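A.B. asks: Okay, so the sequence shown: first residue is 4 according to our numbering, each after it adds one.
Cβ coordinates follow ideal geometry from the N, Cα and C atoms, glycine included.
Small disclaimer: the values here were computed from a predicted structure and weren't measured.
Pasting in a structure now, in structure tokens, and then I'll have a few things to ask.
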Amino acid sequence: MTEAPDRTYVYTTYIRSTPEQVFRALTTPEFTMQYWGGAELTSDWQVGSPLEAVHPNRDDFIGRILAVEPPHRLSYTFTGRAEEAAGRPPTVVEFGISAFGEEAVKLQVTHTGFTPDEQGTQDMRDVGEGWPAILAALKTLLETERPLASPGHFAPRVPARS
Numbered sequence: 004m005t006e007a008p009d010r011t012y013v014y015t016t017y018i019r020s021t022p023e024q025v026f027r028a029l030t031t032p033e034f035t036m037q038y039w040g041g042a043e044l045t046s047d048w049q050v051g052s053p054l055e056a057v058h059p060n061r062d063d064f065i066g067r068i069l070a071v072e073p074p075h076r077l078s079y080t081f082t083g084r085a086e087e088a089a090g091r092p093p094t095v096v097e098f099g100i101s102a103f104g105e106e107a108v109k110l111q112v113t114h115t116g117f118t119p120d121e122q123g124t125q126d127m128r129d130v131g132e133g134w135p136a137i138l139a140a141l142k143t144l145l146e147t148e149r150p151l152a153s154p155g156h157f158a159p160r161v162p163a164r165s
């Protein structure tokens, strides 16, 4: 984890997987709900399209797709509905995905755009707790094919069977 002076949060993890599997897990609601605390991230994943994360245990977030380069890069704006209503600017999340050796992937999340005020500082603290939990759950899901049981709002939600 790095907090750069320009108010950028960076987190890197390594996952025994392929870039294609990691990218699919980042962009498929059936996957996201298993590692992102039940949040279903939905979009058509085209640049400029809206992104919505419907979350059962906390505020939803919304965004707009900025870059899609499967399976190596994904970027979108990120803001809570309450923050948008209050006129706060969105932050930007970028995922960099690359092969790491023959059996693993390096996944780097860069989260930028935090305001230089008390709320921006609190937002950085929040993502400093959130991203490690989310990415640990993603890593566990991809490596074991089982969701990581976690407390509170990061608890996974099992998709409904039809």
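1) My assumption, with CB atoms under 8 Å, is that Leu-110 sits in contact with Val-25. Please give the rounded CB distance.
2) Hey, quick one: how far does the alpha helix (DSSP H) through Gly-131 stretch, first residue to last?
3) If you check the beta carbons only, do Thr-31 and Ala-42 fall under 8 Å apart?
4) Leaving out five residues before and five after Phe-103 in sequence, what residues of the same chain have Cβ atoms less than 8 Å from its Cβ?
5) Give the secondary structure of Leu-26 by DSSP, where H, G and I count as helix, E and B as strand, and everything else as coil.
6) Would you report the Cα separation of Pro-150 and Pro-135, rounded to the nearest angstrom?
7) Per DSSP, what kind of secondary structure is Glu-55 in: helix, strand or coil?
8) Within a Cβ cutoff of 8 Å, which residues of the same chain sit near Thr-82, ignoring the five residues on either side of it in sequence?
9) Going straight from the alpha carbon of Gly-40 to that of Arg-19, what length do you get?
C.D. replies: This is what the structure gives:
1) Residue numbering aside, residue 110 sits at position 107 when the sequence shown is read from its first letter. Residue numbering aside, residue 25 sits at position 22 when the sequence shown is read from its first letter. About 6 Å; that satisfies the 8 Å criterion.
2) Stepping through the sequence shown from its first residue, residue 131 is reached at position 128. Where Gly-131 is concerned, the enclosing alpha helix (DSSP H) stretches over 121 to 147.
3) Taking the first residue of the sequence shown as position 1, residue 31 is located at position 28. Taking the first residue of the sequence shown as position 1, residue 42 is located at position 39. Taking 8 Å as the Cβ cut-off, Thr-31 and Ala-42 do not qualify as a contacting pair.
4) For the purposes of this step, residue 103 is taken as the residue at position 100 of the sequence shown. The answer, listed in chain order, is Tyr-17 and Lys-109.
5) The residue given as residue 26 occupies position 23 in the sequence shown. The question names Leu, but residue 26 is Phe in the sequence shown. Residue state, collapsed to three classes: helix.
6) Here residue 150 corresponds to residue number 147 of the sequence shown, with the count starting at 1. Here residue 135 corresponds to residue number 132 of the sequence shown, with the count starting at 1. Answer to the nearest angstrom: the Cα atoms are 15 Å apart.
7) One-based indexing of the sequence shown puts residue 55 at position 52. It is a strand residue.
8) Taking the sequence shown and counting its residues from 1, one reaches residue 82 at position 79. If we look at Thr-82 and ignore the five residues flanking it on each side, its Cβ neighbours are Phe-64, Ile-65, Gly-66, Arg-91, Pro-92, Pro-93 and Thr-94.
9) The count along the sequence shown starts at 1 and reaches residue 40 at position 37. The count along the sequence shown starts at 1 and reaches residue 19 at position 16. One C-alpha to the other measures close to 21 Å.
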